[in-house]
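Structure, as structure tokens:
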């Protein structure tokens, strides 16, 4: 049991924080919907329930993915986080459908809701909490990719680096981005409905929120499906090829693979070297390259082999300056 709690400490902090916040928000929105009957509030409640469930799943999945390899699973559990995220989006997909269905029903049969002040207060409170979680997730993205920025960077620069974020952090950021936007939509819809009498506004907001949730489902599903299959990290591949080629003993790169294993990277390298080198010299080269590659961000496993140099330089992929990364010391 102590080992399990130790694993939980390594879980994604952003997803755990988001899960707690969305649980609170879902309860508050549920109470508000019970007293007001506001359809936009219903959509937001469903959204928050889906986000909270997702983020609890992701937190436990990210923690368990760090479990050490076993004789039965010698390659480790890195891709478990991708499988968990794939399962989590099913929940969001179901809630998205219910949200759109309820919104469409309200468009066809509009009905005035009560307790406008309660609805606006709850939505305003929820928007602030979601924005806080979004900010923390954006900050975590910048930390994961090794980028520093100013106070507003988590809400601006983080979008540029979203693709390189860990699966769990990316999911939290995208879900809370949609949640914050959905909260604003619901807030505006309540105002329009109250001041103009256009009651369908709440139903339209509900449908739009559901569609945004479906977008997250599709995006997260595709990202994690690639991760579960074993996707190449192209940018890191170019970077590692560059630093390996700078070693004076490496004449050429015969094979180089950088595969994403959940939040981590696995590297397979076959380098061509001088065939006249002694075993001791080759062993020293192996140790230097292994230490160098393991020092790169997110790399946790390296397999290195050597072949004799054939005198023909074939590997040129590392020469692209636009995809090279800075070396992580």
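In full-length UniProt numbering, the protein residues as written are 1 to 329. Backbone N, C-alpha and C define an ideal beta-carbon position, used for all residues, glycine too.
Reference residue i, options the options, closest by Cα
i           : options            : result
residue 102 : 183, 177, 112, 42  : 42
residue 330 : 96, 93, 134        : Because the chain spans 1 through 329 in this model, residue 330 falls outside it and cannot be assessed.
residue 31  : 121, 181, 162      : 121
residue 240 : 268, 227, 200      : 268
residue 182 : 221, 100, 59       : 100
residue 304 : 284, 160, 37       : 284
residue 162 : 151, 137, 186      : 137
residue 247 : 260, 228, 291      : 291
residue 114 : 35, 150, 83        : 35
residue 141 : 67, 130, 167       : 167
residue 202 : 111, 263, 280, 288 : 111
residue 189 : 52, 119, 148, 231  : 119
residue 313 : 129, 252, 216      : 252
residue 146 : 82, 164, 130       : 164
residue 51  : 76, 19, 244, 219   : 19
residue 220 : 198, 107, 173      : 173
residue 22  : 231, 130, 116      : 130
residue 200 : 98, 108, 72        : 108
residue 211 : 17, 315, 47, 242   : 47
residue 276 : 308, 293, 286      : 308
residue 106 : 191, 204, 144      : 204
residue 225 : 82, 187, 144, 74   : 82
residue 63  : 24, 78, 49, 70     : 78
Integer Cβ distance of residue i from residue j, believed to fall under 8 Å
i           : j           : result
residue 61  : residue 80  : 6 Å
residue 236 : residue 96  : No, residue 236 and residue 96 are not in contact; Cβ-Cβ is about 33 Å, not under 8 Å.
residue 14  : residue 169 : 5 Å
residue 91  : residue 38  : So it is not a contact: roughly 23 Å between Cβ atoms.
residue 358 : residue 44  : Examination of residue 358 is not possible in this model, given that the chain is present from 1 through 329 alone.
residue 263 : residue 298 : 7 Å
residue 250 : residue 244 : 6 Å
residue 232 : residue 259 : 6 Å
Those residues which DSSP pairs with residue i across a bridge
i           : result
residue 18  : In DSSP, residue 18 forms no bridge with anything.
residue 283 : None; residue 283 has no bridge partner.
residue 246 : DSSP lists no partner for residue 246.
residue 305 : 270
residue 139 : For residue 139, which the question treats as bridged, DSSP gives no partner whatsoever.
residue 253 : 271
residue 260 : 265
residue 299 : 265
residue 232 : 259
Local Cβ density within 10 Å of residue i, reported as buried at 16 or more and exposed below that
i           : result
residue 295 : exposed
residue 180 : buried
residue 160 : exposed
residue 310 : exposed
residue 68  : exposed
residue 150 : exposed
residue 152 : exposed
residue 197 : exposed
residue 316 : exposed
residue 326 : Reliability of the predicted coordinates at residue 326 is poor, the pLDDT of 42 falling under 50, and the value obtained from them is presented with this limitation in mind. That one is exposed.
residue 33  : buried
residue 73  : exposed
residue 328 : Model confidence at residue 328 stands at a pLDDT of 40, short of 50, so the residue's coordinates are unreliable; what they give is reported in the following sentence. When all chains shown are included, residue 328 counts as exposed.
Beta carbon of residue i nearer than 8 Å to that of residue j
i           : j           : result
residue 234 : residue 254 : no
residue 266 : residue 223 : no
residue 364 : residue 132 : No answer is possible for residue 364: it lies beyond the span of the chain, which begins at 1 and ends at 329.
residue 89  : residue 58  : no
residue 185 : residue 208 : yes
residue 86  : residue 228 : yes
residue 175 : residue 217 : no
residue 11  : residue 261 : no
residue 282 : residue 306 : yes
residue 26  : residue 206 : no
residue 116 : residue 194 : yes
Residue i: CB within 7 Å of a non-hydrogen atom of the ligand SAH
i           : result
residue 251 : Because no ligand of any kind appears in the structure shown, any question about the ligand SAH cannot be addressed here.
Any chain B beta carbon closer than 8 Å to residue i
i           : result
residue 185 : Here chain B cannot be found, since the structure has a single protein chain.
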